[in-house]
Amino acid sequence: MFKQSVNILLGLTLTLSNAIPTLAQNYSNFAQWCSTKEQLAPAAQHTVKVLLEQAQTEDCNLASEELSRYLVLNLISSEITDISPLSSLTNLEQLILYNNQITDISPISNLTNLKRLIISSNQISDLSPLRNLTNLTQLYIGSNPISDISPLSNLTELTRLYANHSQISDLTPLSNLTKLEQLYLNHNQVSDLSPLSNLTNLKYVYLDHNQIKDVAPLGKITNLEELSLRYNEITEVTPLINLSNLEELYLYSNPVANQICPHNPDALCFLRR
C-alpha cells in the first residue's frame, strides 16, 4: 500500500511538472507568459522579470504591446538561462544575448525576421535552432562549446560570422555562404581551409591560433584586405602572392617567419610582434 501511494505521488509530481512547460509552449504572446509567471520555473520567471524591466512596466498587457514593437532587444549580462519567453517576439530584427548562461536556443527558432544575432559567451553547443533563421546577415556565436556548425549552411545571407574561442574544426558548412565578407575563427581547431576557397567576397579573415599548414585555398580570394594567421603551422605563403588588395597580413608565430611577404609591397605585413 505504501509503495502504491509513493508511485501515485510520483506520477502526480511528474504530471504537474510536465504540465507547465507544455502549456508554456503554446503561449502566443508575452502577456500570457507574464500573467502566468508565478507558475513558471524560476529561470523563466527571471526572464519575464528582465523583459518587464525592458518594457518599463509591470502591466502584462502593456509590456506585451511594447515588446511586440521592438526591433532591437539587448539583454547583455542579464543572468538569463531560459529564453522561452522571447519566443513570441517575432518582430525582432536584432537580438543581443551576450554573456548569459544560455544552453538551449530553440525558443528563438521561429524569430525569422532576425538579421543580427549575438549569442556569444554562453554555454551553447547545439546550433540547429538557427537553421531556419535565413534572414540573418550577422551572427556572433563565439566563446561557446560549439563544434558542429552544419546548421549554418542554410544562412546564405550572412555577411559577418564571429566564432572565436570555440571548438570548430570542419568549415565545410560555410562553403556556400558566398556573401560572407568578415570571418572570425580565432582559437579553434581548423586545419583545412579548402571550404573557404570560393568565398570570394571575403575581405577580413582572422584565423589565429588554429592548426593551419596550407594557405593555398585562400589564394583565390582576391578581395581580401586583412588576413590574420598568427599562431599556426604555416611554412609557405607564396600561394598568397596574387592577393593584390591585401592591406594587412599577420603571420607571426609561424615557421614562415623568415620569408618575404608575398603581396602588395605597399601593404603592411607582420611576421613578428
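Quick note on numbering: the sequence shown equals residues -24 to -1, 1 to 249 in mature numbering (1 follows the signal peptide of the UniProt record, and there is no 0).
All C-beta atoms, glycine included, are put in the ideal place defined by N, C-alpha and C.
On the premise that residue j lies in contact with residue i, defined as a C-beta separation below 8 Å, what is that separation, rounded to the nearest angstrom?
i: P127; j: L106; result: 5 Å
i: N174; j: S151; result: 7 Å
i: L115; j: L134; result: 6 Å
i: I78; j: I56; result: 6 Å
i: L87; j: Q70; result: Wrong, their Cβ atoms sit about 10 Å apart, outside the cutoff.
i: residue 251; j: L219; result: Any property of residue 251 remains undetermined from this structure, which presents the chain solely from -24 to 249.
i: R45; j: N67; result: 7 Å
List the residues that DSSP assigns as beta-bridge partners of residue i.
i: N50; result: I72
i: S204; result: Y182 and Y226
i: residue 322; result: For residue 322 there is no data in the structure shown, the boundaries of the chain being -24 and 249.
i: Y3; result: DSSP output for Y3 lists no bridge partner at all.
i: R136; result: Q114 and Q158
Take residue i as the anchor and find which of the options has the nearest alpha-carbon.
i: Y180; options: N221, S82 and P171; result: N221
i: S101; options: I125, N108, A19 and N140; result: I125
i: I72; options: I52, K189, S85 and L62; result: I52
i: I217; options: D80, I84 and V191; result: V191
i: L153; options: N177, K196, D80 and T33; result: N177
i: T198; options: E223, N2 and I188; result: E223
i: S96; options: V26, S142 and Q165; result: S142
i: N76; options: S54, K155 and P61; result: S54
i: C36; options: A19, C10, E42 and L43; result: C10
i: P149; options: Q165, L109, P171 and K155; result: P171
i: A7; options: L49, A19, G195 and L43; result: L43
i: K155; options: T110, Q15, L49 and A17; result: T110
Using C-beta distances below 8 Å, list every residue in its chain close to residue i, excluding the 5 sequence neighbours before and after it, in chain order.
i: V232; result: I210, T211, E212, V213 and L247
i: T(-3); result: With a pLDDT of 41 at T(-3), under the threshold of 50, the modelled position of that residue is not reliable, and the figure given next carries that caveat. Nothing listed; no residue qualifies.
i: G118; result: S96, S97, Y138, A139, N140, H141, S142 and Y160
i: I122; result: I100, S101, L103, A139, S142, Q143 and I144
i: L38; result: A31
i: I188; result: V166, S167, L169, L205, N208, E209 and I210
Whose C-beta lies closer than 7 Å to the C-beta of residue i among residues of the same chain, with five residues either side of it excluded?
i: K13; result: Q21 and V24
i: E34; result: L28
i: L112; result: L90, K91, L93, L131, E133 and L134
i: P83; result: I59, S60, L62 and S63
i: S85; result: P105 and N108
i: A(-6); result: A caution first: A(-6) carries a pLDDT of 41, below 50, which makes its placement in the model too unreliable to give a value.
i: P193; result: L169, S170, L172 and S173
Please list, in chain order, all residues of the same chain as residue i whose beta carbon is under 6 Å from its beta carbon, the five residues on each side excluded.
i: N182; result: One detail in the question is off: residue 182 reads as Tyr in this sequence, not Asn. Closer than 6 Å at the Cβ level, and outside the excluded window around Y182, lie Y160, N162 and S204.
i: S229; result: R206 and Y207
i: H185; result: N162, H163 and Y207
i: I94; result: I72, Y74 and Y116
i: N5; result: S40 and S64
i: Q30; result: none
i: N158; result: For the record, residue 158 in the displayed sequence is Gln; it is not Asn. These residues qualify, in order along the chain: R136 and Y180.
i: V26; result: S54
i: E202; result: Y180 and E224
i: P215; result: V191, A192 and G195
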